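Data first, discussion second: the structure below is written as structure tokens.
2 protein chains.
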Amino acid sequence: MTKVLNTADSFTDDAVDGLVSIYPHYLEKTYGGVVSSRSTRPGKVAVVIGGGSGHYPAFAGWVGPGLADGAVVGNIFASPSTQQIYAVAKAVDDGAGVFMSYGNYAGDVLNFNLAEEQLGEEDIRAVSVPVTDDVSSAKLEERAKRRGVAGDLMVFKIAGAAAERGDDLDGVIAAAKKVNDATYSFGVAFAGCTLPGAEQPLFTVPEGQMGVGLGVHGEPGVAEVPLEPAADLAKRLVDRLLEERPEGSSGRVAALLNGLGGTKYEELFVLWNDVRKLLEGAGLTIVAPEVGELITSLDMAGVSLTLTWLDDELEELWLAPADTPAFRRGAAPEVRTVHRGISEAAQQEFGEASSDSRELAGELLATLEVVATLLHDKESELGDLDAIAGDGDHGRGMTKGCDAALAAARAAVDGGAGLSSTLSAAGVAWADKAGGTSGALWGNGLRQAATALDDESRPGAEQGVAAVQAALDLVTTFGKAQRHDKTLLDALIPFGESLQQSVGEGRSFAEAWSSAAEVATTEAQATADLAPKIGRARVLSDRSQGHPDPGAISLAMIVTAVGERLG
Amino acid sequence: MTKVLNTADSFTDDAVDGLVSIYPHYLEKTYGGVVSSRSTRPGKVAVVIGGGSGHYPAFAGWVGPGLADGAVVGNIFASPSTQQIYAVAKAVDDGAGVFMSYGNYAGDVLNFNLAEEQLGEEDIRAVSVPVTDDVSSAKLEERAKRRGVAGDLMVFKIAGAAAERGDDLDGVIAAAKKVNDATYSFGVAFAGCTLPGAEQPLFTVPEGQMGVGLGVHGEPGVAEVPLEPAADLAKRLVDRLLEERPEGSSGRVAALLNGLGGTKYEELFVLWNDVRKLLEGAGLTIVAPEVGELITSLDMAGVSLTLTWLDDELEELWLAPADTPAFRRGAAPEVRTVHRGISEAAQQEFGEASSDSRELAGELLATLEVVATLLHDKESELGDLDAIAGDGDHGRGMTKGCDAALAAARAAVDGGAGLSSTLSAAGVAWADKAGGTSGALWGNGLRQAATALDDESRPGAEQGVAAVQAALDLVTTFGKAQRHDKTLLDALIPFGESLQQSVGEGRSFAEAWSSAAEVATTEAQATADLAPKIGRARVLSDRSQGHPDPGAISLAMIVTAVGERLG
Chain Z
1 MTKVLNTADS FTDDAVDGLV SIYPHYLEKT YGGVVSSRST RPGKVAVVIG GGSGHYPAFA
61 GWVGPGLADG AVVGNIFASP STQQIYAVAK AVDDGAGVFM SYGNYAGDVL NFNLAEEQLG
121 EEDIRAVSVP VTDDVSSAKL EERAKRRGVA GDLMVFKIAG AAAERGDDLD GVIAAAKKVN
181 DATYSFGVAF AGCTLPGAEQ PLFTVPEGQM GVGLGVHGEP GVAEVPLEPA ADLAKRLVDR
241 LLEERPEGSS GRVAALLNGL GGTKYEELFV LWNDVRKLLE GAGLTIVAPE VGELITSLDM
301 AGVSLTLTWL DDELEELWLA PADTPAFRRG AAPEVRTVHR GISEAAQQEF GEASSDSREL
361 AGELLATLEV VATLLHDKES ELGDLDAIAG DGDHGRGMTK GCDAALAAAR AAVDGGAGLS
421 STLSAAGVAW ADKAGGTSGA LWGNGLRQAA TALDDESRPG AEQGVAAVQA ALDLVTTFGK
481 AQRHDKTLLD ALIPFGESLQ QSVGEGRSFA EAWSSAAEVA TTEAQATADL APKIGRARVL
541 SDRSQGHPDP GAISLAMIVT AVGERLG
Chain L
1001 MTKVLNTADS FTDDAVDGLV SIYPHYLEKT YGGVVSSRST RPGKVAVVIG GGSGHYPAFA
1061 GWVGPGLADG AVVGNIFASP STQQIYAVAK AVDDGAGVFM SYGNYAGDVL NFNLAEEQLG
1121 EEDIRAVSVP VTDDVSSAKL EERAKRRGVA GDLMVFKIAG AAAERGDDLD GVIAAAKKVN
1181 DATYSFGVAF AGCTLPGAEQ PLFTVPEGQM GVGLGVHGEP GVAEVPLEPA ADLAKRLVDR
1241 LLEERPEGSS GRVAALLNGL GGTKYEELFV LWNDVRKLLE GAGLTIVAPE VGELITSLDM
1301 AGVSLTLTWL DDELEELWLA PADTPAFRRG AAPEVRTVHR GISEAAQQEF GEASSDSREL
1361 AGELLATLEV VATLLHDKES ELGDLDAIAG DGDHGRGMTK GCDAALAAAR AAVDGGAGLS
1421 STLSAAGVAW ADKAGGTSGA LWGNGLRQAA TALDDESRPG AEQGVAAVQA ALDLVTTFGK
1481 AQRHDKTLLD ALIPFGESLQ QSVGEGRSFA EAWSSAAEVA TTEAQATADL APKIGRARVL
1541 SDRSQGHPDP GAISLAMIVT AVGERLG
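Chains as they are written, first to last, in our numbering: chain Z, 1 to 567; chain L, 1001 to 1567.
Shown next, in the form of structure tokens:
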């Protein structure tokens, strides 16, 4: 359990401050994460890695020559925001393009894709390759749906080495895709982890059992089996990975035996001793194995084994020197520190606004206050609901996002902004601070809604419908989900349809909204009957069966509260 | 809790095998531990570190250029045996003498001292400096009684650097003493650790509390206080260490914030961020801080802060390059691997024995079988008793020792050995395999008893008394304890006195033994009324009050069982 913290909200920031102060010769803090404080070869492709925090040394511990130029640091177990990714990429770009990589989770995919788009608008070519190594999370035929777990290290290390040796962006992408295709991980969990500030672990493993096919964000395993001796556990891990040995492989493998945090070094060495014998017994040659805590999940107890099937190129890149706080190979280069300077999120400026629109902006601010209070009240309820099948961060993410939106809206209103600008500022702040999938969708959804409004007029009901539709379109496009996939769309789509229909029938906007909110509530509850489908790589089992989707529930709560204010 | 193992007995050996297979370019396994597989400068003072296992990277992870040449690996939380220390020192000695260092615990002191003596007999000069950095374990005026905790790293690193730069043995000793005098540690525990194979942790910390002044072998803290924010915890640690800031210190400090195993990196970074501010606020300059899991205690949760007050020499040595599996600083030297070869424990040869004496050796073997069965039955009971104030390893240590003694006695009897040789072989094996204080005392005590016997005659009662007295003398001399110090001497001394008196009164040896065993049992129970005194640096609180000493209890059990066979 996490015992050392000031506040749960400041945990990630405090940890980054501490880390950077220990390794000033490696790291510099920047808005969104950390960047290398070492000089790099001019014209090198920049390598950006990232994800949620709680996994140290992943990701901030791997910044340095031969590996990454920057790491984006999200909140605990939550995707970093689009703005964070954009900022870190921008800080390290040297004109040769930015290669980005991260574990394949819906929130990370969404935010990295949005950041690529944003960088592209500034003519910075940024391309990401998500890591998909977890054999438990999807069948081999659906490789692209697999989660990224400890194989992250293999992909990042090899992509970093490709950039270091002088490959251009296409070359780095090709190396990353090749190593990702060659990388397979399988793990077991002995005990769950507890989020900073939480009292209970995200999941528990029954006495005498272990969870097979764990995730690294507190996701329970896909099955439970009795504990077994190290030699049997080694065989379980090795056998499963050898099932997917690629045809024509050279028989040379890079291996990583990873401890999740609560499983200690000596235990890992005991297990490795058996793993090694089995791999050698299968005729394989193990190249530079790594055994240790490389991708942790707070204090979760468990292990995973990763194999990367090497060819000559991958072996050369795997063995190439690297020098970072937590991963070092070969001779350390001479240290020369450069200072990129700490950037901050860009300040927004607001245009002229009519007094009508400023009054509406004030209304919006008051509404956000109501919503923020509601979300604080419901934070643990939403978190518990999310923990059934996910990582339990939904309540915290929504609260953080809404608090940030409220603060941004207040600053906008104080600065004389109108309705559209205020809503847009609120959306940007929400996406930036909440992290995760829902944060990105809510924040960018609100920002998109603002495009249907302006800072001048008092919008009519039609314009209100258009704003909701704009948000809905964004969420559908970037959320990569459809109705009945057990996401917030199951409440949002019927909400939008009902609102449009009622307004079309001539009812007042407030009336239409309230009745649409009732529809959303009913539909959100009905998600309890659905099994999760696509776009939710984290959800592996049907543990959520019988429970409604937390994203749909929170949406229904919010539109209901807004309806009460409108009416 | 330890979940990955084959058997509890094979845990340490399996872990060393695994470790060495990961780092063949650093480490080679030898009898008793690991030695460096790198070439060293001819004529360099050899540096040997060691202690129990369960603390990785301490100690085997710190073998390599600039640090140690060999590490002795005891069982979990138990001192290595004299034979192990001797063997590792012998493997790395290059003629310039051997510097040895370890944390200050009774068992380690005993075994390292015995090993020094044994090496001295072969004209190998070996000198050890125990580390005494734990401010919670004794007052500053009793500095030599303090335990060694995370400060081990500072002392080992600086002594290793002194040897590497070419200091002779006296120079290395002087540097080690200087850094030890300048090193202070203080820590807190959040949760206890569980020995491999055990079901329950060695201690627990009540919900919402933390133990202040933890040990690294599952010893609970000396006091319990409520959990507090990281900033307050930082202040608690820093304030306590600044109380002992040496007069005239330069204001430059090396710092180590150590995680015990269950407290994760991000938590350490959060705490370091506050510690750093407080140290800087006190006007100190922090030199090359280390923050991480350096001296663990299996999966125990907790942290400790170590400060070393630097002068120019210590700072130079602290910053000198080092290259080991788990601690690396500066440029890595080119790797050249040497092979020292794996040594085994020396085989014993037995002289001629009379048939009478061989018959008695057979009796001894049968008696050891009875004692071994008894100890297996009582293993967890003795462990529980030991866990009240100590590290809970007494039952396991006694069982391991006796099993080894039994196997050695069987081999001796099969080889035609007489009574004295068989008892001596049993004693050597007991000391070697049991580890810890009680293992060294029991094993060396039996070996000493054998010197009062021979392989020819059938000993009379007087000779039996002399054998017990010989064992008692050794235990008193090396155990550095007296009666009423709450050790096995509280049963052994009255046992010896009673035996001598009864034999003097003309009773049969069997009768005298049985009545002495009754005395031993009564006296062992009476240790419940004693508070621990000296020679037991591990025991800090009076938690053992009201409970008898496990060493006295096991002695009483064994002499009672032996008495039943004699009678």
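We put the CB at the ideal spot given by N, CA and C, even for glycine.
Remember, it's a predicted structure, so these values are computed and weren't measured experimentally.
Measure the alpha-carbon distance for residue i versus residue j and round it to whole angstroms.
{"i": "glycine 1208 (chain L)", "j": "aspartate 1299 (chain L)", "result": "19 Å"}
{"i": "glycine 1061 (chain L)", "j": "glycine 1070 (chain L)", "result": "10 Å"}
{"i": "glycine 148 (chain Z)", "j": "aspartate 133 (chain Z)", "result": "5 Å"}
{"i": "tyrosine 1031 (chain L)", "j": "leucine 1202 (chain L)", "result": "29 Å"}
{"i": "glutamine 1083 (chain L)", "j": "alanine 1115 (chain L)", "result": "7 Å"}
{"i": "alanine 1517 (chain L)", "j": "glutamine 1525 (chain L)", "result": "12 Å"}
{"i": "proline 1226 (chain L)", "j": "leucine 1214 (chain L)", "result": "15 Å"}
{"i": "alanine 461 (chain Z)", "j": "phenylalanine 112 (chain Z)", "result": "35 Å"}
{"i": "isoleucine 1534 (chain L)", "j": "arginine 1143 (chain L)", "result": "Its pLDDT being 42, under 50, isoleucine 1534 (chain L) is placed unreliably by the model, and the measurement read from it follows with that caveat. Near 13 Å, if we compare the C-alpha coordinates of arginine 1143 (chain L) and isoleucine 1534 (chain L)."}
{"i": "arginine 1245 (chain L)", "j": "glycine 1546 (chain L)", "result": "38 Å"}
{"i": "leucine 1385 (chain L)", "j": "valine 20 (chain Z)", "result": "46 Å"}
{"i": "alanine 537 (chain Z)", "j": "lysine 145 (chain Z)", "result": "Low local confidence applies: a pLDDT of 37 at alanine 537 (chain Z) is under 50, so the model's placement there is unreliable, and no value is given."}
{"i": "leucine 1310 (chain L)", "j": "aspartate 1485 (chain L)", "result": "38 Å"}
{"i": "valine 1519 (chain L)", "j": "valine 1562 (chain L)", "result": "14 Å"}
{"i": "glutamate 1028 (chain L)", "j": "alanine 1087 (chain L)", "result": "13 Å"}
{"i": "leucine 1284 (chain L)", "j": "aspartate 1152 (chain L)", "result": "22 Å"}
Between residue i and residue j, is the Cβ-Cβ spacing less than 8 Å?
{"i": "alanine 1449 (chain L)", "j": "alanine 1471 (chain L)", "result": "yes"}
{"i": "threonine 1527 (chain L)", "j": "aspartate 1549 (chain L)", "result": "yes"}
{"i": "glutamate 1164 (chain L)", "j": "alanine 1320 (chain L)", "result": "yes"}
{"i": "valine 1238 (chain L)", "j": "leucine 1305 (chain L)", "result": "yes"}
{"i": "threonine 1002 (chain L)", "j": "asparagine 1075 (chain L)", "result": "no"}
{"i": "phenylalanine 1509 (chain L)", "j": "leucine 1566 (chain L)", "result": "yes"}
{"i": "asparagine 6 (chain Z)", "j": "valine 1212 (chain L)", "result": "no"}
{"i": "valine 127 (chain Z)", "j": "phenylalanine 99 (chain Z)", "result": "yes"}
{"i": "glutamate 1511 (chain L)", "j": "serine 1498 (chain L)", "result": "no"}
{"i": "valine 1129 (chain L)", "j": "alanine 1176 (chain L)", "result": "yes"}
In terms of alpha-carbon separation, which member of the options lies closest to residue i?
{"i": "glutamate 1316 (chain L)", "options": "L:Thr1451, L:Val1179, L:Thr1437", "result": "L:Val1179"}
{"i": "alanine 1556 (chain L)", "options": "L:Gly1567, L:Phe1509, L:Leu1530, L:Thr1487", "result": "L:Thr1487"}
{"i": "valine 413 (chain Z)", "options": "Z:Glu359, Z:Ala440, Z:Met1", "result": "Z:Glu359"}
{"i": "glutamine 469 (chain Z)", "options": "Z:Gln482, Z:Leu492, Z:His484", "result": "Z:Leu492"}
{"i": "histidine 1055 (chain L)", "options": "L:Ala1326, L:Leu1499, L:Glu1369", "result": "L:Ala1326"}
{"i": "leucine 268 (chain Z)", "options": "Z:Arg252, Z:Ala301, Z:Glu247, Z:Ser250", "result": "Z:Ala301"}
{"i": "alanine 1015 (chain L)", "options": "Z:Leu365, Z:Val4, Z:Lys264, Z:Arg125", "result": "Z:Lys264"}
{"i": "alanine 440 (chain Z)", "options": "Z:Leu314, Z:Ala405, Z:Thr204", "result": "Z:Ala405"}
{"i": "alanine 1417 (chain L)", "options": "L:Leu1365, L:Ala1467, L:Gly1383, L:His1376", "result": "L:Leu1365"}
{"i": "arginine 329 (chain Z)", "options": "Z:Ile22, Z:Gly66, Z:Val45", "result": "Z:Gly66"}
{"i": "alanine 1138 (chain L)", "options": "L:Asp1108, L:Leu1153, L:Tyr1184, L:Val1155", "result": "L:Tyr1184"}
{"i": "valine 92 (chain Z)", "options": "Z:Gly166, Z:Ser39, Z:Pro57, Z:Leu140", "result": "Z:Ser39"}
What does DSSP give as the partner residue(s) for residue i in the beta ladder?
{"i": "leucine 1256 (chain L)", "result": "L:Glu1290, L:Thr1306"}
{"i": "glutamine 1209 (chain L)", "result": "L:Pro1226"}
{"i": "alanine 1071 (chain L)", "result": "L:Val1034, L:Ile1049"}
{"i": "glycine 1187 (chain L)", "result": "L:Ser1304"}
{"i": "leucine 279 (chain Z)", "result": "None, per the DSSP bridge assignment."}
Does the distance between the C-beta of residue i and the nearest non-hydrogen atom of the ligand MN fall short of 7 Å?
{"i": "alanine 528 (chain Z)", "result": "With respect to small molecules bound, the structure shown includes none, and the ligand MN cannot be examined in it."}
If contact is defined by three or more beta carbon pairs under 8 Å, each pair taking one atom from either stretch, is the segment 287-298 of chain Z in contact with the segment 252-261 of chain Z? With a cut-off of 8 Å on Cβ pairs, the segment 252-261 of chain Z is in contact with the segment 287-298 of chain Z, counting three or more such pairs.
Assess, as a yes-or-no matter, whether the segment 193-202 of chain Z is touched by the segment 386-400 of chain Z under the definition of 3 or more beta carbon pairs within less than 8 Å. In this structure the segment 386-400 of chain Z lies against the segment 193-202 of chain Z, because at least three pairs of beta carbons, one per stretch, are closer than 8 Å.
Taking contact to mean 3 or more Cβ pairs, one atom from each stretch, closer than 8 Å, check whether the segment 73-89 of chain Z and the segment 45-55 of chain Z are in contact. Yes, the segment 73-89 of chain Z is in contact with the segment 45-55 of chain Z.
Quick test of the definition: if touching needs 3 or more C-beta pairs under 8 Å, does the segment 447-464 of chain Z touch the segment 352-371 of chain Z? The segment 447-464 of chain Z is in contact with the segment 352-371 of chain Z.
Are the segment 438-452 of chain Z and the segment 363-371 of chain Z in contact at 8 Å, needing three or more beta carbon pairs? For the pair of segments examined, the segment 438-452 of chain Z was found not to touch the segment 363-371 of chain Z: the number of CB pairs separated by less than 8 Å stays below three.
Taking contact to mean 3 or more Cβ pairs, one atom from each stretch, closer than 8 Å, check whether the segment 1158-1177 of chain L and the segment 1274-1286 of chain L are in contact. The segment 1158-1177 of chain L vs the segment 1274-1286 of chain L: no contact.
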